[in-house]
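Engineer: My questions will all concern the structure given below.
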Amino acid sequence: KQEVTQIPAALSVPEGENLVLNCSFTDSAIYNLQWFRQDPGKGLTSLLLIQSSQREQTSGRLNASLDKSSGRSTLYIAASQPGDSATYLCAVQETSGSRLTFGEGTQLTVNP
Amino acid sequence: NAGVMQNPRHLVRRRGQEARLRCSPMKGHSHVYWYRQLPEEGLKFMVYLQKENIIDESGMPKERFSAEFPKEGPSILRIQQVVRGDSAAYFCASSPESGFTYNEQFFGPGTRLTVL
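Next up, the structure:
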């Protein structure tokens, strides 16, 4: 059974810092991995999707890497801003079209 | 292209009543997924449907819960005889046919169910 773990559970940083969020999964036979952002009381916004054959994806100040063999992914946020404050969720999909298995999330607070 | 739509956004029911949650996938998407987020917990998969077919319902509670995605109209998640433990945020996601855009799932804003 696939399990996804995110560390840390919560993170508080001053504005402008670069930061790394971690995600690990127990079964390396995945199809893809997605990073999402969830604001309080809101839905999920997809940030980045990495196919199993890819090593990283970039979008603006965000960079996600994937090491499938070790079962790990990181989300790097450069020059953090207060607007980045949210919960960040990592999810893996094991086969094409199948369910997503989510981690518990990292709650990020960026202080002005 | 409108995103995934869910309604109602908030739903209040008394114990024993029925709750019906609706999800309209993005245009051109034929795969629908339902997830539940209990208070202070992560998102958990419930059911995966394609038009008129349930593909995977392994995450659905065995009793009181059912889902459908008819040929016409939205997908419906139905909870009969609701109990307080059903209070949660229910999210719907959709994705296109396999082979397109790596099956990325796009989420709706969720329905927040409160059972009194």
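From first to last, the protein sequence lines stand for chains A and B. This note's numbering puts the first sequence at residues -7 to 104. This note's numbering puts the second sequence at residues 18 to 133. Heads up, the beta-carbon is just placed ideally off N, CA and C, and yes, glycines get one too.
(1) Are the beta-carbon atoms of P87(B) and E114(B) separated by less than 8 angstroms?
(2) Alpha carbons only, please: which of F124(B), K61(B), G20(B) and Y107(B) is nearest the one belonging to H27(B)?
(3) Apply the 10 Å Cβ neighbour rule to T98(A) and answer buried if 16 or more other Cβ atoms are within range, or exposed otherwise.
(4) Alpha carbon to alpha carbon, how far is K79(B) from G129(A)? Give it in angstroms, no decimals.
(5) Considering only residues of the stretch -3 to 40 of chain A, which uninterrupted alpha helix (DSSP H) runs meet the minimum length of 4 residues and lie entirely inside it, listed in chain order?
(6) Is the beta carbon of V49(B) sitting closer than 8 angstroms to the one on C109(B)?
(7) May I ask you to report which of helix, strand or coil DSSP gives R101(B)?
(8) Between the alpha carbons of R129(B) and S104(B), how many angstroms are there, rounded?
(9) Identify which residue in L133(B), N120(B), S112(B) and T131(B) has its Cα closest to the Cα of M40(B).
(10) Is the beta carbon of L92(A) sitting closer than 8 angstroms to the one on A78(A)?
(11) Per DSSP, Q43(A) forms a beta bridge with which residues?
(12) Quick one: Cα of M133(B) to Cα of L38(B), how far?
(13) Quick one: give me the first and last residue of the beta strand (DSSP E) that F82(B) is part of.
(14) What residue range is occupied by the uninterrupted beta strand (DSSP E) comprising Q122(B)?
(15) With distances taken Cα to Cα, identify the nearest neighbour of S90(A) among P25(B), Q67(B), G90(B) and R53(B).
(16) Return the residue from the list D19(A), Y80(A), Y68(A) and P104(A) that minimises the CA-CA distance to L11(A).
(17) Exposed or buried, what is P42(B) when buried is set at 16 or more other beta-carbons lying within 10 Å of its beta-carbon?
(18) Give me the chain B residues within the contact set of Q99(A), using Cβ-Cβ distance strictly less than 7 angstroms, ordered along the chain.
(19) Give a yes or no on whether 8 angstroms exceeds the smallest Cβ distance from L36(A) to chain B.
(20) Taking buried to mean at least 16 other C-beta atoms within 10 Å of its own C-beta, is S92(B) buried or exposed?
(21) Of all Cβ atoms in chain A, is any one closer than 8 angstroms to the Cβ of E74(B)?
Structural biologist: Quick look at the numbers:
(1) Contact: no.
(2) Nearest to H27(B) by alpha-carbon distance, out of F124(B), K61(B), G20(B) and Y107(B), is Y107(B).
(3) With 16 or more other Cβ atoms within 10 Å, it is buried.
(4) Nothing about residue 129(A) can be reported from this structure: the residues present for chain A run from -7 to 104 only.
(5) DSSP runs (the alpha helix (DSSP H)) wholly in the stretch -3 to 40 of chain A: none.
(6) For the pair V49(B) and C109(B), the CB atoms are nearer than the 8 angstroms cut-off.
(7) In the three-state reduction of the DSSP assignment, R101(B) falls in the helix class.
(8) Each residue's alpha carbon lies about 8 angstroms from the other.
(9) In the sequence on display, residue 40(B) carries Cys and not Met. Among L133(B), N120(B), S112(B) and T131(B), the Cα nearest to that of C40(B) is on S112(B).
(10) Cβ atoms of L92(A) and A78(A): not closer than 8 angstroms.
(11) The partner list for Q43(A) (beta bridge, DSSP) reads N24(A).
(12) The residue you asked about is not Met; residue 133(B) is Leu in the sequence shown. Computed Cα separation, rounded: 17 angstroms.
(13) For F82(B), the uninterrupted beta strand (DSSP E) run begins and ends at F82 to E85, by DSSP.
(14) Premise fails: Q122(B) is in no beta strand (DSSP E) and is neither H nor E.
(15) Of the candidates P25(B), Q67(B), G90(B) and R53(B), the one whose C-alpha sits nearest the C-alpha of S90(A) is Q67(B).
(16) Taking only the C-alpha atoms, the option nearest L11(A) is Y68(A).
(17) So P42(B) counts as buried.
(18) Within chain B, no residue comes near Q99(A); the closest Cβ sits about 11 angstroms away, beyond 7 angstroms.
(19) It does; some Cβ of chain B falls within 8 angstroms.
(20) With 16 or more Cβ atoms within 10 Å of its Cβ, S92(B) is classed as buried.
(21) It does not: the Cβ of E74(B) has no partner Cβ on chain A nearer than 8 angstroms.
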